[in-house]
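S.K.:
Encoded structure:
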């Protein structure tokens, strides 16, 4: 993908925090009863580090291109994962606060929480999947880029 094509793709998603959510109950014999995505929508709340709460945007408030991405992903996931993929819900929430800062900055230091019903899912940022790994100066072991110090040697981690 060219840099220009990548930028065009990312520009579609930048206004949003996109969540892909699945909820279900496992039965005694391994059957899963899924919560329908329409019902899931009512129970999702994104909470930023300041405690401000955000709910999924109404479907009409999401751009046609972002909506099309979710529509294209749904059959892909359904084909790969069967009923699990069929019941995954794609939800778009705002990406920025009223002041213009990112609600869930994957590269900055902070936290955010996604609540699905009564269940909180908490993340610390930066997200290790979004930043390069670091290396322990003592033994050269590769570590999470989100860490500042080696948990075994207590030494400051360096760039990979």
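Numbering (our numbering), first residue to last: 17 to 176. Cβ coordinates follow ideal geometry from the N, Cα and C atoms, glycine included.
1. Could you tell me the boundaries of the alpha helix (DSSP H) in which residue 25 lies?
2. Go through its chain and collect everything with a Cβ distance to residue 163's Cβ below 7 Å, but skip five positions before and after it.
3. Within its chain, find whatever has a CB closer than 7 Å to the CB of residue 145; leave out the 5 residues flanking it on each side and keep chain order.
4. Residue range of the alpha helix (DSSP H) that residue 87 falls in?
5. What do you reckon, are the CB atoms on residue 119 and residue 127 nearer than 8 Å?
6. Applying the criterion that 16 or more other CB atoms from any shown protein chain within 10 Å of the CB defines a buried residue, is residue 165 buried or exposed?
7. Let me know the secondary structure DSSP gives residue 150 once reduced to three states.
8. For residue 69, which residues from the same chain have a beta carbon less than 8 Å from its beta carbon, with the 5 sequence-adjacent residues on both sides left out?
9. Which residues does DSSP pair with residue 130 in a beta bridge?
10. Does the distance from the CB of residue 48 to the CB of residue 54 come in under 8 Å?
11. To which residues does DSSP link residue 48 through a beta bridge?
12. Which residue's Cα is closest to the Cα of residue 153: 138, 140 and 169?
M.R.: From the atom records:
1. 19-29
2. 150 and 173
3. none
4. 80-97
5. no
6. exposed
7. strand
8. 61, 62 and 63
9. 62 and 137
10. no
11. 42
12. 169
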